[in-house]
Amino acid sequence: MTLHADVAELLAVAGIPGVDVDDAVADEHVRWSAYRRIVSVISSSPSRERDRAIVATILRDPVEMVAKSAVVALVDEIAMRTAGPAEFREWASGLLPEIDGIEGEGHREFIRRRIRDWLFHLSVQDGHVPTTAELAEVTDWMQRTLAEGSNSPAVLALLAESGRRKKTRNVAENRARSRELRPR
């Protein structure tokens, strides 16, 4: 398929009118914006059946950074909507054959790492308190995400003590302290 046909198909599948496909093909910024809209619509659907085909289509984009960014956006959206780590793991495993086809090793590894980060996040949300070694395995982005969003005193204490970046440690410490002072 051509890029024009791929973009037109994705817009049709998502039911998004009004995007000039010729403009999207000619300008990667317009295309990225279209992909973001597509990801938003697709991720809000209760059905996950089309996701692998959609990812495969997006990954045919000739600008690998645009394709990677769109797939990461989908991973983020699905992770935030999923019921837990098992459901997300199953969904993500269905995408791995498509992700493994990405030529650029850095882009491929970035997506795989984002999936691992979200699995970690979802397990923490599910009540798992990570060890220092487990925390060291996730990205700075995920550590900061947890420091800013976790409500677990144990997780915040771990991040305050063992977060990789000073900002992450400070955010976690401040949030843990503010939780201690809050009346119950």
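In this text, residue positions in the sequence shown follow the working numbering: the first is 6, and each later residue adds one. Cβ coordinates follow ideal geometry from the N, Cα and C atoms, glycine included. Remember, it's a predicted structure, so these values are computed and weren't measured experimentally.
- With fewer than three CB-CB distances shorter than 8 Å, the segment 127 to 136 does not count as touching the segment 100 to 119.
- Apart from sequence neighbours up to five positions away, no residue of its chain approaches G20 with a beta-carbon distance below 6 Å.
- With respect to R119, V68 sits apart: the two C-beta atoms are not nearer than 8 Å.
- Distance between A72 and F115, taken at the CA atoms: about 12 Å.
- An exposed status is given to A159, since fewer than 16 other beta-carbon atoms sit within 10 Å of its beta-carbon.
- DSSP places I43 in the helix class (H, G or I) of the three-state scheme.
- Counting the other Cβ atoms within 10 Å of the Cβ of R180 gives 16 or more, which makes it buried.
- Going by DSSP, A88 is part of no alpha helix (DSSP H) at all; its letter is neither H nor E.
- Separation of G89 and R55 (C-alpha to C-alpha, rounded to the nearest whole angstrom) is 20 Å.
- In the DSSP assignment, H126 falls within the alpha helix (DSSP H) that extends over E110 to Q130.
- Check the Cα spacing between S183 and each of S167, R169, K172 and A162: the tightest is with A162.
- With contacts defined by Cβ atoms closer than 8 Å, E82 and S52 do not form a contacting pair.
- L79 and I63 have their C-alpha atoms roughly 11 Å apart.
- Comparing alpha carbon positions, the residue from R41, G154, A29 and S98 closest to R121 is S98.
- For a cut-off of 8 Å, the C-beta gap from V24 to A39 is around 5 Å, short enough to register as a contact.
- Around the C-beta of V44, 16 or more other C-beta atoms lie within 10 Å, and the residue is accordingly described as buried.
- Per DSSP, the continuous alpha helix (DSSP H) segment holding S167 begins and ends at P158 to S167.
- Taking every protein chain shown into account, the CB of D27 has fewer than 16 other CB atoms within 10 angstroms, so this residue is exposed.
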